[in-house]
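Asks:
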Amino acid sequence: MGSLINPKSLPFLEHPGPIPFAHRGGAGDFPENTLPAFRNAIELGYKHLETDVHLTKDGKVVAFHDESLDRVTDHSGKISDFTLNEISQIQIGGSEKIPTLLELLESFPEAKINIDPKSDNVVFPLIELLQTTNSISRVCVGSFSDKRIKQIRSSLGSQLCVSAGPKSVMKFLAEKYTFSFSRFNYHCLQVPQRSGPVKIVTKDFVERAHAKGLQVHVWTIDDPNEMHELLDLGVDGLMTDETSTLKDVLLERNDWWN
14 MGSLINPKSL PFLEHPGPIP FAHRGGAGDF PENTLPAFRN AIELGYKHLE
64 TDVHLTKDGK VVAFHDESLD RVTDHSGKIS DFTLNEISQI QIGGSEKIPT
114 LLELLESFPE AKINIDPKSD NVVFPLIELL QTTNSISRVC VGSFSDKRIK
164 QIRSSLGSQL CVSAGPKSVM KFLAEKYTFS FSRFNYHCLQ VPQRSGPVKI
214 VTKDFVERAH AKGLQVHVWT IDDPNEMHEL LDLGVDGLMT DETSTLKDVL
264 LERNDWWN
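This note's numbering puts the sequence shown at residues 14 to 271.
(1) Which of the three DSSP states, helix, strand or coil, is assigned to His241?
(2) CA-CA distance, Thr146 and Phe25?
(3) So, with DSSP's three-state summary, where would you put Pro179?
(4) Work out the CA separation of Phe121 and Arg52 for me, nearest whole Å.
(5) Just confirm the distance between the C-beta atoms of Pro138 and Gly72, as a whole number of angstroms; I'd bet it's less than 8 angstroms.
(6) Are there 16 or more other CB atoms within 10 angstroms of the CB of Leu264, so buried, or fewer, so exposed?
(7) For Ile111, name the three-state secondary structure that DSSP assigns.
(8) Just how far apart, CA to CA, sit Leu115 and Gln144?
(9) Ignore the nearest five residues each way along the sequence and tell me which others in Phe43's own chain have a CB closer than 6 angstroms to its CB.
(10) So, for Gly170: in the same chain, excluding its five sequence neighbours on each side, which residues have a beta-carbon less than 8 angstroms away from its beta-carbon?
(11) In chain order, what are the residue ranges of uninterrupted beta strand (DSSP E) at least 3 long that sit wholly in the segment 109-169?
(12) Can you look up Ile32 in the DSSP assignment and give me helix, strand or coil?
(13) With respect to the alpha helix (DSSP H) encompassing Glu63, which residues constitute its N-terminal and C-terminal limits?
(14) Please report the straight-line C-alpha distance between Ser181 and Asn198, rounded to a whole angstrom.
(15) Excluding five sequence neighbours on each side, which residues of the same chain lie with their C-beta closer than 6 angstroms to the C-beta of Ile213?
(16) Is Ile165 near Ile140, with beta carbons less than 8 angstroms apart?
(17) Is Pro205 helix, strand or coil when you go by DSSP?
(18) Can you pull the DSSP bridge partners for Ile105?
(19) Taking the continuous beta strand (DSSP E) assigned at Leu251, which residues delimit it?
(20) Go through its chain and collect everything with a Cβ distance to Val136's Cβ below 8 angstroms, but skip five positions before and after it.
(21) How is the beta strand (DSSP E) around Ala222 delimited, first residue to last?
(22) I'd like to confirm the pairing. Which residues does DSSP put opposite Trp232 in its beta bridges?
(23) Which same chain residues, not among the five before or five after Val229, have their C-beta less than 6 angstroms away from its C-beta?
(24) Quick one: grab the DSSP three-state call for Ser81.
(25) Distance, Cα to Cα, Ser257 vs His78?
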């Protein structure tokens, strides 16, 4: 069976070569998920940004990876326990504000944004925000929660780019051995290169995905040798913290199109 819509017809996936994604804006260069990080990626020529979203106590969608503030700020506690006004006083890396998703969408209107909803309570505010800002066609949603992906896809329709959730990835992997052919309702497989000792992204994996009309995006790849290895396999996109490194690799391969 085919996907809901041909991935090649989705604006988010339109790109003449492998898609470079600035993971959390390029966390190797600037504090992660901050406007300076995203701005640096845009200035390098990136068209695709990747971020994560949580919901504040007063229902605002913010670009932030962790459930708690502890790792990257000088505060502690859950994002969901703070209002946006309180969040605005907290700095990442001692210097940068936590942006809202709306700020990110408005600051970089030409950018395409890969979004990972990190909690159940952010799902419907995210849906509403993407609808009210008319941003559906410039977004791809991926998550470790199949339920969240299903909820968002059901609300926003087939024009939204959707990555396979963990259960869908497992079914895709299993089809090689079970010879079953399940219907898929996603457009890309956004996966790590390996899971523990098991290598996920192989030549066979990429070829089977392409045979089904699916793109393969791999995260989070910061080593140039691994970048070359995966690009040689034919993957369709790489997510990296090291935005300058990935750009250099793609330039070397004549695959930098931005």
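For every residue, glycine included, the Cβ atom is placed at its ideal position computed from N, Cα and C.
Replies: Let me lay it out:
(1) Counting from one through the sequence shown, the residue named residue 241 turns up at place 228. It is helical.
(2) On the sequence shown, position 133 is the one that residue 146 refers to. On the sequence shown, position 12 is the one that residue 25 refers to. Taking the straight line joining both Cα atoms gives about 16 angstroms.
(3) As a working mapping, residue 179 is identified with position 166 in the sequence shown. Three-state result, Pro179: helix.
(4) Along the sequence shown, read from residue 1 onward, the residue named residue 52 stands at position 39. Along the sequence shown, read from residue 1 onward, the residue named residue 121 stands at position 108. Rounded to whole angstroms, Arg52 to Phe121 spans 8 angstroms at the Cα level.
(5) Within the sequence shown, the letter at position 125 stands for residue 138. Within the sequence shown, the letter at position 59 stands for residue 72. Between Gly72 and Pro138 the Cβ distance is about 6 angstroms, and since that is below 8 angstroms, they are a contact.
(6) For the purposes of this step, residue 264 is taken as the residue at position 251 of the sequence shown. So Leu264 ends up on the exposed side.
(7) The residue given as residue 111 occupies position 98 in the sequence shown. The answer is coil: DSSP assigns Ile111 none of H, G, I, E or B.
(8) Taking the first residue of the sequence shown as 1, we reach residue 115 at position 102. Taking the first residue of the sequence shown as 1, we reach residue 144 at position 131. Each residue's Cα considered, the two are about 12 angstroms apart.
(9) In the sequence shown, residue 43 corresponds to position 30, counting from 1. Cβ within range, chain order: Pro49, Ala50, Asn53.
(10) Position 157 of the sequence shown, counting from 1, holds the residue named residue 170. Closer than 8 angstroms at the Cβ level, and outside the excluded window around Gly170, lie Ile149.
(11) 125-130, 152-154
(12) Taking the sequence shown and counting its residues from 1, the one referred to as residue 32 is at position 19. It is a strand residue.
(13) The residue labelled residue 63 in the question sits at position 50 within the sequence shown. That residue, Glu63, is in no alpha helix (DSSP H); its beta strand (DSSP E) goes 61-68.
(14) Working through the sequence shown from its first residue, we reach residue 181 at position 168. Working through the sequence shown from its first residue, we reach residue 198 at position 185. Going from the Cα of Ser181 to the Cα of Asn198 covers about 9 angstroms.
(15) For the purposes of this step, residue 213 is identified with residue 200 of the sequence shown, where counting begins at 1. Val204, Arg207.
(16) Taking the first residue of the sequence shown as position 1, residue 165 is located at position 152. Taking the first residue of the sequence shown as position 1, residue 140 is located at position 127. A contact, by the Cβ cut-off of 8 angstroms.
(17) Indexing the sequence shown from 1 puts residue 205 at position 192. Of the three classes helix, strand and coil, the one that applies to Pro205 here is strand, per DSSP.
(18) Against the sequence shown, residue 105 aligns to sequence position 92. DSSP output for Ile105 lists Thr86, Glu109 as bridge partner(s).
(19) Taking the first residue of the sequence shown as position 1, residue 251 is located at position 238. Run containing Leu251: 250-253, per the beta strand (DSSP E) assignment.
(20) Within the sequence shown, numbered from 1, the residue matching residue 136 stands at position 123. Same-chain partners within the cutoff: Pro130, Arg161, Gln164, Ile165.
(21) Position 209 of the sequence shown, counted from the start, is the residue given in the question as residue 222. From DSSP, Ala222 is part of no beta strand (DSSP E) but of the alpha helix (DSSP H) over 216-224.
(22) What you label residue 232 is simply residue 219 of the sequence shown in a count that begins at 1. Answer is Pro205, bridged to Trp232.
(23) Numbered from 1 along the sequence shown, position 216 holds the residue referred to as residue 229. So the qualifying residues of the chain are Leu202, Val219, Ala222, Val248, Asp249.
(24) Mapped onto the sequence shown, residue 81 falls at position 68. DSSP places Ser81 in strand when its eight states are reduced to three.
(25) On the sequence shown, position 244 is the one that residue 257 refers to. On the sequence shown, position 65 is the one that residue 78 refers to. Rounded to whole angstroms, Ser257 to His78 spans 22 angstroms at the Cα level.
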